[in-house]
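Worksheet: one structure, shown below.
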Ligand code: GRF
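Numbering (my numbering), first residue to last: 1064 to 1279.
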């Protein structure tokens, strides 16, 4: 399976995917492109170090958003991935891209959807809201991308307990370590091995046993 990974920041999820491919947690998968909208993204360094082709385009380089979106679709079509992975990607994926790659785009969100998600819930803001609300549990979700924000079918989720002394930063770090870096590679591996399908708007995973997530 050929995957394109879209990033905007540190790229720790990208690193988890690269490591997963190298250590055999993810089989039959090759990263054919890393795309960043942010020239300062450390994710680009990680990609270069791993010898993965990178493209970086900031919307600021374009006279308008439509031109940026059009080129994004062209770049993705050219890379011809079987799956697009949004790994900390802050670009709103245009409708044309969602339509062209329908059912072939996944995203990682740092909460248990449908809690703490949707417009305005990104990065540290998600964890700030969790702490403001006094939630006792948060976590991460890997889901398919549809035309809404964080509304697509859920593939995998993993809970993480909130601590009384958490700050948004400590909660973010623990959710990454305990949930994101585990369920993202696992979801990609399941898709690469043909185990994931969408039925009636929900994800069905062949031979799925939820207890595997507890062991992660
Ligand atoms: C992660 O928390 C991810 O869930 C969110 O953005 C963050 C990206 O981190 N969508 P990184 O760039 O993978 O380190």
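Even glycine gets a Cβ: it sits at the ideal position worked out from N, Cα and C.
In the DSSP assignment, the beta strand (DSSP E) including residue 1265 goes from what residue to what residue? 1265-1268
Please look up how many angstroms separate the CB atoms of residue 1149 and residue 1132, rounded, as I've assumed it's under 8 Å. At roughly 15 Å, the Cβ-Cβ gap does not stay under 8 Å, so residue 1149 and residue 1132 are not in contact.
Is residue 1197 near the ligand GRF, in the sense that its beta carbon is under 7 Å from a heavy atom of that ligand? no
Through-space distance from residue 1092 to residue 1177, alpha-carbon basis: 29 Å
Of the residues 1201, 1182 and 1083, which one's Cα is nearest the Cα of residue 1190? 1201
Proximal residues to residue 1166 (C-beta, below 8 Å), its chain only, five neighbours per side dropped: 1207 and 1261
Checking 8 Å against the spacing of the C-beta atoms, do residue 1239 and residue 1080 come in under that value? no
Rounded C-beta distance between residue 1144 and residue 1096? I'm assuming under 8 Å. 7 Å
Nearer than 7 Å: is that true of the beta carbon of residue 1106 relative to any heavy atom of the ligand GRF? yes
Residues that DSSP places opposite residue 1201 in a beta bridge: 1223
Report the rounded CA-to-CA distance for residue 1138 versus residue 1117, giving the unit in angstroms. 11 Å
According to DSSP, residue 1099 sits in a beta bridge with which residue or residues? 1070 and 1119
Contacting residues, own chain, Cβ-Cβ under 6 Å from residue 1244 (five flanking each side not counted): 1079
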